[in-house]
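Data first, discussion second: the structure below is written as structure tokens.
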Amino acid sequence: SPQQTVKRAVLDNFSSATASKYGSERYNASPTTIERAKWERNSKKGIEDFNSNNLSPIKRANVQVLLDTLDTHKEHYEADLAGIGMSYDNFKQLMIGTYAAETTFGTLNDVSPTDVVGKLQVTRSTFKEQVADNKHPFGPNVATSLGYNIADLKAMTDSDLRELLLTNDEFNFMAGAMIMINKLQGN
């Protein structure tokens, strides 16, 4: 279809601008055009700064923790990426941009005024949707790879989930990554 041809062309020519636009349209929940544009600019700048080695040591170290986390668990979501036609390298760029836009690579407050939490500013209600059934990327395999049982995550209270997302960066990174994949899948 023409739409698939355009999508393929975009994914084959992925850039910092493409990644920031994808993130802004999918992960970012800002209610205004101005806020979404700011998110997109921050995302693009973050990707470019990372790729040109123009980050402070703390920001570079924080991004490396994100990338290590994605690498550690990628066997559990590679098929999801393949299903949407996105390479793992492009996905990493997308997540670097998301991290830049959400918390300036973990250097800003981990709790927003709207009470989204952690390094990737995960919304608990969105996460709960992810684990409500096994159709979404954050399924039993990702949960198990993080040391959790999917049934326990489903039963977790809102305050316990908030605490987990706020204090466990690896969990927060993977929750954000799986939410992004879900959004890329059109869900």
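Counted the way the numbering used here counts, the sequence shown spans residues 20 to 206. We treat Cβ as the ideally placed atom computed from N, Cα and C, and that holds for glycine.
Between residue i and residue j, which are expected to be in contact by the criterion C-beta below 8 Å, what is the C-beta distance as a whole number of angstroms?
i: Gly195; j: Gly116; result: At roughly 12 Å, the Cβ-Cβ gap does not stay under 8 Å, so Gly195 and Gly116 are not in contact.
i: Ile66; j: Ser39; result: 7 Å
i: Arg45; j: Leu203; result: 6 Å
i: Asn198; j: Thr163; result: Note that residue 198 is Ile in the sequence shown, not Asn. The Cβ separation is near 18 Å, so there is no contact.
i: Gln140; j: Asn201; result: Actually they are not in contact, since the Cβ atoms of Gln140 and Asn201 sit about 16 Å apart, beyond 8 Å.
When the distance is taken between beta carbons, is residue j closer than 7 Å to residue i?
i: Glu189; j: Thr88; result: yes
i: Asn81; j: Gly125; result: yes
i: Leu185; j: Asp129; result: yes
Might you give, ordered along the chain, the residues of its own chain that have their beta carbon closer than 7 Å to the beta carbon of residue i, omitting 5 neighbours on each side?
i: Gly205; result: none
i: Asn61; result: Ala119, Ala120
i: Asn187; result: none
i: Ile103; result: Leu203, Gln204
i: Asn160; result: His95
i: Met193; result: Thr88, His92, Val161, Leu165
i: Lys225; result: Because the chain spans 20 through 206 in this model, residue 225 falls outside it and cannot be assessed.
i: Lys111; result: Leu86, Leu89
i: Leu113; result: Ala38, Tyr41, Gly42, Met199
i: Val135; result: Val141, Thr142
Short of 6 Å in beta carbon distance, which residues of its chain neighbour residue i, apart from the five on each side in sequence? Order them along the chain.
i: Ser35; result: Lys63, Ile66, Glu67
i: Asn109; result: Phe33
Within 7 Å of any Cβ in chain C, is that where the Cβ of residue i sits?
i: Asp177; result: Absent from the structure: chain C. Only one protein chain is present.
Let me confirm a value: residue i is counted as buried when at least 16 other C-beta atoms fall within 10 Å, else exposed. Which label applies?
i: Thr24; result: Note that Thr24 scores a pLDDT of 48, beneath 50, so its modelled location is shaky; the value from the coordinates is reported in the next line. Flag for Thr24 reads exposed.
i: Glu97; result: exposed
i: Lys78; result: buried
i: Lys173; result: exposed
i: Gln83; result: exposed
i: Ala151; result: exposed
i: Ala170; result: exposed
i: Gly137; result: buried
i: Ile53; result: exposed
i: Asn70; result: exposed
i: Asn47; result: buried
i: Glu59; result: buried
i: Leu180; result: buried
i: Leu127; result: exposed
i: Asn73; result: exposed
i: Asp168; result: For the record, residue 168 in the displayed sequence is Asn; it is not Asp. Classification for Asn168: exposed.
Give me whichever residues DSSP pairs with residue i in a beta bridge.
i: Val130; result: Val136
i: Val141; result: Val136
Under the criterion of a Cβ to heavy atom distance below 6 Å, does residue i qualify as lining the ligand NAP?
i: Glu54; result: Because no ligand of any kind appears in the structure shown, any question about the ligand NAP cannot be addressed here.
Which same chain residues end up closer than 8 Å to residue i when comparing Cβ atoms and leaving out the 5 residues on each side of it in sequence?
i: Ala177; result: What sits at residue 177 in the sequence shown is Asp, not Ala. Answer for Asp177: Arg143, listed in chain order.
i: Glu182; result: none
i: Arg131; result: Going by the sequence as given, residue 131 is Ser instead of Arg. Within the same chain, Ser131 has close Cβ partners Gln140.
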